[in-house]
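Undergrad: Sharing a structure with you now.
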Amino acid sequence: MKIRVNRDVLAEAVAWAARVLPSRPVVPVLSGLLLEAGEELSLSAFDYDVSARAAIDADVAEEGSVLIPGRLLAEISRSLPADDVEIVTEGQEAVLTCGSAEFGLVTMPVEDFPTLPTMPPSIGAVGGGVFASAVAQVAPAASRDDTLPMLTGIRVDIEGESVAMAATDRYRIAARDFTWRPAGADVAVSAMVPARVLVEIAKSLRGGEVSIAMGDGVAGFESVGRSTTVRLLDEQFIDYRSRLATDWSIRADVPVTPFVNAIKRVALVAERNTAIRLSFTQGQVLIQAGGGDIGRGTEVVECELRGDDIQIAFQSQFLLDGLVGIETDLARINLESPTRPALIQDVPGDAQPAFRYLVMSLRQS
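Structure (structure tokens):
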């Protein structure tokens, strides 16, 4: 193989593909990036659960393929001088030259690299910004504990032009609805996608339109020459919609930015795993924390309250995860009692809320 490629284009593509490389590969070849030169240059990574492939323009003098240690190639690519990069295979080496810099990288056997999954059929497309926003809103509610895989995923329900995403870790539920362009009016799909993977995919594909594909236990996501496949989790999930449909007797509308900033400040004196206390009265919410060995903090933010006064407590980070997902100026906090969960949602005027976040309250000391 012999190719010449722009340094910045190569570095960006290598970094994008290398993000799925396993930190502890079960076999050595899974630590490699597969470079294949034909009409274009493709870079692929695969760990049996997630695959990534980026295609970029390159001057191909000799077609071929080579398997190069991925993390090392990523480090080298981003540190090269501002010049074109030439990669030539010579025996068991891939010689990378850029300006006066030259690296000889020991290659791995291409034939040992597993075949990447085939991209399933596309079922529709959505703008990358909408997709990334929805994933970022629901992902914080997914569990990081792999002992119950269902809780580590994001549930995706697609029916016609409507898409619903949801995640839960037992202590909160985050849900987001949005519209997209389905490949057909009768599209109806439900899937559980690993949250950690979907977050990385959404971040990296937010610049263009994202095509979503589903089939045979695999989901695929593709945009502007980059594609990722991921093995799906078991489809089992809680009936989250019924838990978000409670009737609420108390409602508080709070300006998001001042409320979030105040919680962050007051939480500085909250000891680990202690509560942030919120006292809602007519016209304001009092935020309190601390009172132990560290100190205490209080701050008042204006709010519009409908219903009785109420004092309720939450784990501060759980509360903030819901509030930062709000994309409107006001957050609506629906309450029932100090011992029941609260529902945080956006306030989009006459439309139905697109984002909803149910969070458990804490017992107050």
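Just so it is clear: in the sequence shown, position 259 is 258 by numbering that gives the first Met the number 0, and no numbers are missing. Idealized CB from N, CA, C, for every residue including glycine.
How is Glu38 classed by DSSP in three states: helix, strand or coil?
TA: Coil, per DSSP.
Undergrad: For Pro181 and Ser336, I'd like the C-alpha separation in whole angstroms.
TA: Distance between the alpha carbons of Pro181 and Ser336 is about 41 Å.
Undergrad: Going by CA-CA distance only, name the one from Ile343, Glu326, Asp328, Thr327 that's closest to Leu334.
TA: Nearest of Ile343, Glu326, Asp328, Thr327 to Leu334, Cα basis: Ile343.
Undergrad: Taking the straight line between their C-alpha atoms, what separation do you get for Ala16 and Gly206?
TA: Straight-line Cα distance between these residues: approximately 16 Å.
Undergrad: DSSP state of Asn333, grouped into three classes?
TA: Asn333: strand per DSSP, three-state reduction.
Undergrad: If you compare alpha carbons, which of Arg271, Val223, Glu85 is closest to Ile55?
TA: Of the candidates Arg271, Val223, Glu85, the one whose C-alpha sits nearest the C-alpha of Ile55 is Val223.
Undergrad: Could you check the C-alpha separation between Glu39 and Glu101 for me, to the nearest Å?
TA: Roughly 23 Å separates the two Cα atoms.
Undergrad: Looking at the secondary structure, which residues open and close the beta strand (DSSP E) in which Glu89 lies?
TA: Element bounds for Glu89: 84 to 89.
Undergrad: Three-state secondary structure (DSSP) at Val345?
TA: Sequence check: residue 345 is Asp here, not Val. Note: Asp345 maps to strand in three-state DSSP.
Undergrad: Give, in chain order, every unbroken run of the alpha helix (DSSP H) that is at least 4 residues long and sits entirely within the region 198 to 241.
TA: The qualifying runs do not exist here; there are none.
Undergrad: From Val155 to Asp292, what does the alpha carbon distance come to, in whole angstroms?
TA: Those two C-alpha atoms are separated by around 45 Å.
Undergrad: Can the beta-carbon of Val28 be found less than 8 Å from the beta-carbon of Pro148?
TA: Taking 8 Å as the Cβ cut-off, Val28 and Pro148 do not qualify as a contacting pair.
Undergrad: Helix, strand or coil: how does DSSP classify Ala184 here?
TA: Coil at Ala184, not helix or strand.
Undergrad: Closest by CA to Gln281, which one among Gln310, Leu115, Ser76?
TA: Looking at the Cα atoms, Gln310 is the closest of the given residues.
Undergrad: Please determine if the region 184 to 199 and the region 137 to 148 are in contact, where contact requires at least 3 C-beta pairs separated by less than 8 Å.
TA: Touching, yes.
Undergrad: Given a threshold of 16 other Cβ atoms within 10 Å of its Cβ, counted over all protein chains shown, does Gly348 qualify as buried or as exposed?
TA: Result: exposed.
Undergrad: With 16 other CB atoms within 10 Å as the buried threshold, where does Asp145 fall?
TA: Exposed, since its Cβ has fewer than 16 Cβ neighbours within 10 Å.
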